[in-house]
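Chemist: This structure is in structure tokens; I'll ask about it shortly.
Protein chains: 2
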Amino acid sequence: MAVTLKKIAEQLDLSAAAVSMAINGKPGVSEETRDLVLRTAEELGYKPNRMGQSLRLARTGAIGVYFPSTVLEYSLYFAEVTRGITAGLADTDLSPVLLPSALENGDVRDFPSVDGLIIVEPHSDDLGMFELLRGDTPTVTLDPPPPSAERPWGIIESDNAGLVREAFGHLASRGSRLPALLTVETVSDWTAQVERGYLAWCAERGIEPAVIRTSVTHSNEEVRQILERALPSARQPGDAQREREARDGLFVCGDGFALRIAGVLRSMGLSVGEDVHLVSGVDSTIMQYHTPPISSVDMNPYAYGVRAAQMIHRLLKLPERPSPPSYEVIPAPIIARAT
Amino acid sequence: MAVTLKKIAEQLDLSAAAVSMAINGKPGVSEETRDLVLRTAEELGYKPNRMGQSLRLARTGAIGVYFPSTVLEYSLYFAEVTRGITAGLADTDLSPVLLPSALENGDVRDFPSVDGLIIVEPHSDDLGMFELLRGDTPTVTLDPPPPSAERPWGIIESDNAGLVREAFGHLASRGSRLPALLTVETVSDWTAQVERGYLAWCAERGIEPAVIRTSVTHSNEEVRQILERALPSARQPGDAQREREARDGLFVCGDGFALRIAGVLRSMGLSVGEDVHLVSGVDSTIMQYHTPPISSVDMNPYAYGVRAAQMIHRLLKLPERPSPPSYEVIPAPIIARAT
DNA sequence: CGGGGGTACTTAATCGTTTAAGCGATACCG
DNA sequence: CGGTATCGCTTAAACGATTAAGTACCCCCG
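Protein chains in written order, with numbering that gives the first Met the number 0: chain C, 0 to 338; chain S, 0 to 338.
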């Protein structure tokens, strides 16, 4: 049987109320009594019953973690975010509860009750996300939600401007004169921001920008056809005009997508790191151990998770939704590798 | 203000008790009253308060999901398992709560209270896992825990014997005469079982087995050196004895490790899919889109998660730990691709 | 000496739910 | 007709914690 306030009270011949006040540091008990109670509680291994507390305080102590199911299907990033959230909440009185994503129907009525929410990647096609933001549960989103959604209580964002500068700076430093941006068709704000950053970067330098658009649903063959239009041809060099305009650097958005690109480039007879320089927009162990290792932007997914946890913990103390939302920017340094 | 039993009771001029019995399908109310109550509840959008229920029933409705942090650092597999668990619990009254892993110190005292546990990958170096199994919380493990740990309530396992047969059968069908097993140093039962299966498979066919041992902490250079001892040399063919004994097929354990191996083989001048056939022990989108696509064993991580959820849900109804533990085996078919 | 005021507690109510026990009313049986 | 079983409901207690309100006691001051 678990140790309750009442048990401690009985043992010390006190009332449960006195014990509660002692343990929670509230005034109303003498210092000696408080010491005594604290010692006894420790000794008996008292752990407050969450359910009793919850019921009384109208507070679940749970934080929902929500992401569209599409994120999960293709993500190393996701695992790290989750780990960060878990770690960040570990020394609070909150616990992360995974919520099923409800992309299609937006039916979030039956979600377990939580005090707060962390929404990872609020995609504009995710009806469930809109529904969750419409509610008045304190919510932190990792990356800003689309403008048409209700404002969350807090937003955590990577330093997109800095990231673009670093990534393309890296490509330039490796000798790329005409770097292109390769985006994966997406419904998140991140890619759009990176694209804006890229266009600005090109404008500053008088470079003609090239945005190559692909999709995760493309086959490698399709990706190859798209790439062939933009990159130098290894088979028939000769067309001087074309050679001059060909792109010699790629910044690849999308978790793990740079691996596919590396493979496709190889199959095109292009040498990754020589003919074409490559930077992945999302880092992972796989980039590190690829042959050759692929330079990546470290999005710090773990830090993302930790910060989200800390932010929601902080925001829960607020009486109402802050306006404007609480903002935090996480730096995203580049990890330079062979490519 | 949320709708409570009392509100419904007042509106209908009944007692809260009657409403409770009506809603929970307990005897003690007339069918007409029950209908009336159910209609009203639906109308008012009644949702039972989890905390009140929990307190009364001594049941949190939460299922802890635990994995060693090492799994998270390198895992696509993980994302899928999580998704499966979430989906599997979605239509129960349980919700998955992520637990922080406590590898080092095994300090699990402060974990939020849960009704049940799902432990993903019970590694023998994970003190937290031992601690959790020592407790009397109903627990399902994905893969069997080490023999030195307490028995869990349920175990979900892949069909390891079948998997080995399929994988090496596939290698043979692609022309591999002398397939080797490449294992990543690990502390899980899975690799050990695969190794046993491989040895048996070799024995049946009179093939000399070769188990190549690597580690995730190895650099690609180290991995390469290890591989060079076992595989044919592309640079200096000639030693007939060595050529005969060289391995021409690899079954690679470890999530994503086959990608590294493919890269290292390439750097050795060996053609993946021709000189050396490759099968990955764990599938992922990345294997599918690799150039060339890598054949993989589909461990069905999503199904793993779903089944774990269903099993824990079922086991919670039992009065005590079943002996022997509840077992379930998930088939792991091979997905044949170019290699 | 009486009253005001602080201290250190206790009592009791509350959160929302479930469930054992109680209690009229009706029905049935001997 | 008296006894008793059954139905359909109400009352009340309980889960564990928190907190407003109440109370006993001591101290100090006028």
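Just so you know, even glycine gets a beta-carbon here, dropped at the ideal spot from N, CA and C.
1. Using a Cβ-Cβ cutoff of 7 angstroms, what residues of the stretch 266-294 of chain S are near chain C? List them in chain order.
2. Cα separation between Q52 (chain S) and R58 (chain S)?
3. Any idea what DSSP makes of P95 (chain S), helix, strand or coil?
4. Per the DSSP calculation, S147 (chain S) is bridged to which residue(s)?
5. So which of C:S218, C:L269, C:V215 has the shortest CA-CA distance to A229 (chain C)?
6. Leaving aside the five residues before and after P121 (chain C) along the sequence, list all residues of the same chain whose C-beta is less than 6 angstroms from its C-beta, in chain order.
7. Following the continuous alpha helix (DSSP H) through F256 (chain S), name the residue where it begins and the one where it ends.
8. For F167 (chain C), report the span of its beta strand (DSSP E) as first-last.
9. Between G272 (chain C) and P291 (chain C), what straight-line distance do the alpha-carbon atoms span, to the nearest angstrom?
10. So does the stretch 151-161 of chain S actually touch the stretch 176-185 of chain S, counting three or more Cβ pairs closer than 8 angstroms?
11. Counting only Cβ-Cβ distances shorter than 8 angstroms, please list the residues of the stretch 303-330 of chain S near chain C, keeping chain order.
12. Does the stretch 273-283 of chain S touch the stretch 249-262 of chain S, meaning 3 or more C-beta pairs lie closer than 8 angstroms?
13. Per the contact definition of three or more C-beta pairs closer than 8 angstroms, is the stretch 81-93 of chain C in contact with the stretch 84-92 of chain S?
14. Can you tell me whether D297 (chain C) is buried or exposed? The criterion is at least 16 other CB atoms within 10 Å of its CB, across all chains shown.
15. Closer than 7 angstroms by beta-carbon distance: list the chain C residues that pair up with P99 (chain S), in chain order.
16. Leaving out five residues on either side along the sequence, give the residues of the same chain with a beta carbon under 7 angstroms from the beta carbon of S19 (chain C).
17. Please classify T216 (chain C): is it buried, with 16 or more other beta-carbons within 10 angstroms of its beta-carbon, or exposed?
18. For the stretch 27-35 of chain S against the stretch 6-17 of chain S, do three or more pairs of beta-carbon atoms, one drawn from each stretch, fall closer than 8 angstroms, so that the two count as touching?
19. Look at the alpha carbon of Y197 (chain C) and the alpha carbon of S214 (chain C), and state the distance between them as a whole number of angstroms.
20. Using a Cβ cut-off of 9 angstroms, which residues of the stretch 204-222 of chain C contact any Cβ in chain S, in chain order?
21. Taking C-beta pairs closer than 8 angstroms, name the residues in chain S that L258 (chain C) reaches, listed in chain order.
22. Check whether the Cβ of R49 (chain S) lies closer than 9 angstroms to any Cβ atom in chain C.
23. Are L264 (chain S) and V278 (chain S) closer than 9 angstroms when you measure CB to CB?
24. Please check the pair F167 (chain S) and W200 (chain S), which I expect to be a contact at CB under 8 angstroms, by giving their CB distance rounded to whole angstroms.
25. What separation, rounded to the nearest whole angstrom, lies between the Cα atoms of L170 (chain C) and P178 (chain C)?
26. Beta-carbon within less than 6 angstroms of P67 (chain C)'s beta-carbon, same chain only, minus the 5 sequence neighbours each way: which residues are those?
27. So, does the CB of G253 (chain S) fall closer than 9 angstroms to a CB anywhere in chain C?
28. Using only the alpha-carbon positions, how far apart do G44 (chain S) and Q309 (chain S) sit?
29. Which residues of chain C have a Cβ atom closer than 8 angstroms to the Cβ of P146 (chain S), listed in chain order?
30. If the cut is a Cβ gap below 7 angstroms, which residues of chain S does L54 (chain C) touch?
31. Given a threshold of 16 other Cβ atoms within 10 Å of its Cβ, counted over all protein chains shown, does L116 (chain S) qualify as buried or as exposed?
32. Taking all protein chains shown into account, decide if G83 (chain S) is buried (16 or more other Cβ within 10 angstroms of its Cβ) or exposed.
33. Taking V263 (chain C) as the query, report the chain S residues whose CB atoms sit under 8 angstroms from its CB, ordered along the chain.
34. If you reduce the DSSP assignment to three classes, tell me which class F77 (chain S) lands in.
35. State the DSSP-derived secondary structure class of H276 (chain C), mapped to helix, strand or coil.
36. So, P318 (chain S) versus R150 (chain S), is the Cβ gap smaller than 9 angstroms?
Modeler: On the basis of the supplied data:
1. S266, T284, I285, Y288, H289, T290
2. Here the question's residue 52 (chain S) lines up with position 53 in the second sequence. Here the question's residue 58 (chain S) lines up with position 59 in the second sequence. So the alpha carbons of these two residues sit roughly 8 angstroms apart.
3. Translated into positions along the second sequence, residue 95 (chain S) becomes position 96. DSSP places P95 (chain S) in strand when its eight states are reduced to three.
4. Along the second sequence, one-based indexing puts residue 147 (chain S) at 148. Paired residue(s): none; S147 (chain S) is not in a bridge.
5. Within the first sequence, the letter at position 230 stands for residue 229 (chain C). Measuring from the Cα of A229 (chain C), the nearest candidate turns out to be C:L269.
6. Numbered from its first residue, the first sequence carries residue 121 (chain C) at position 122. Excluding positions up to five away in sequence, the list reads M128, T140, P144.
7. As a first step, residue 256 (chain S) must be located in the second sequence, where it is residue number 257. That run of the alpha helix (DSSP H) goes 256-266.
8. Indexing the first sequence from 1 puts residue 167 (chain C) at position 168. Per DSSP, F167 (chain C) belongs to no beta strand (DSSP E); it is in the alpha helix (DSSP H), 159-172.
9. Taking the first residue of the first sequence as position 1, residue 272 (chain C) is located at position 273. Taking the first residue of the first sequence as position 1, residue 291 (chain C) is located at position 292. Going by the C-alpha atoms only, they are around 8 angstroms apart.
10. The stretch 151-161 of chain S, when compared against the stretch 176-185 of chain S, does not touch it at the 8 angstroms Cβ threshold.
11. Those residues of the stretch 303-330 of chain S that come within reach of chain C (Cβ to Cβ, closer than 8 angstroms) do not exist; the list is empty.
12. yes
13. no
14. Here residue 297 (chain C) refers to the residue found at position 298 when the first sequence is read from its first residue. When all chains shown are included, D297 (chain C) counts as buried.
15. For the purposes of this step, residue 99 (chain S) is taken as residue 100 along the second sequence, with counting starting at 1. Chain C residues near P99 (chain S): T85, A86, A89.
16. Here residue 19 (chain C) refers to the residue found at position 20 when the first sequence is read from its first residue. Excluding sequence neighbours, S19 (chain C) sits near L4.
17. Within the first sequence, residue 216 (chain C) is the residue found at index 217, counting from 1. Answer is exposed; the Cβ neighbour count stays below 16.
18. yes
19. Residue 197 (chain C) sits at position 198 when you count from the first residue of the first sequence. Residue 214 (chain C) sits at position 215 when you count from the first residue of the first sequence. When rounded, the distance between both Cα atoms is 19 angstroms.
20. V215, S218, N219, V222
21. Here residue 258 (chain C) is taken as the residue at index 259 of the first sequence, counted from 1. Going along chain S in sequence order, the residues near L258 (chain C) (Cβ under 8 angstroms) are L258, I285, Y288, H289.
22. Here residue 49 (chain S) refers to the residue found at position 50 of the second sequence. Yes - at least one Cβ of chain C is within 9 angstroms of the one on R49 (chain S).
23. Taking the first residue of the second sequence as position 1, residue 264 (chain S) is located at position 265. Taking the first residue of the second sequence as position 1, residue 278 (chain S) is located at position 279. No, Cβ-Cβ distance for L264 (chain S) and V278 (chain S) is not below 9 angstroms.
24. In the second sequence, residue 167 (chain S) corresponds to position 168, counting from 1. In the second sequence, residue 200 (chain S) corresponds to position 201, counting from 1. So it is a contact: roughly 5 angstroms between Cβ atoms.
25. Here residue 170 (chain C) is taken as the residue at index 171 of the first sequence, counted from 1. Here residue 178 (chain C) is taken as the residue at index 179 of the first sequence, counted from 1. Rounded to the nearest angstrom, the two C-alpha atoms are 7 angstroms apart.
26. Here residue 67 (chain C) is taken as the residue at index 68 of the first sequence, counted from 1. Within the same chain, P67 (chain C) has close Cβ partners S100, L102, H122, D125.
27. On the second sequence, residue 253 (chain S) is found 254 positions in, with the first residue counted as 1. No - not a single Cβ of chain C is within 9 angstroms of the one on G253 (chain S).
28. As a working mapping, residue 44 (chain S) is identified with position 45 in the second sequence. As a working mapping, residue 309 (chain S) is identified with position 310 in the second sequence. Each residue's alpha carbon lies about 28 angstroms from the other.
29. As a working mapping, residue 146 (chain S) is identified with position 147 in the second sequence. The contacting residues do not exist; P146 (chain S) stays about 28 angstroms from chain C at best.
30. Taking the first sequence and counting its residues from 1, one reaches residue 54 (chain C) at position 55. The contacting residues are M50, G51, L54.
31. Mapped onto the second sequence, residue 116 (chain S) falls at position 117. Flag for L116 (chain S) reads buried.
32. Taking the first residue of the second sequence as position 1, residue 83 (chain S) is located at position 84. Buried is the call here.
33. Position 264 of the first sequence holds residue 263 (chain C). Near V263 (chain C) (Cβ distances below 8 angstroms), the residues of chain S are T290.
34. Locating residue 77 (chain S) in the second sequence gives position 78, where the first residue counts as 1. Helix.
35. The residue you call residue 276 (chain C) lines up with position 277 of the first sequence. H276 (chain C) falls in the strand class under three-state DSSP.
36. To locate residue 318 (chain S), count along the second sequence from 1; it is residue 319. To locate residue 150 (chain S), count along the second sequence from 1; it is residue 151. Not closer than 9 angstroms, so no.
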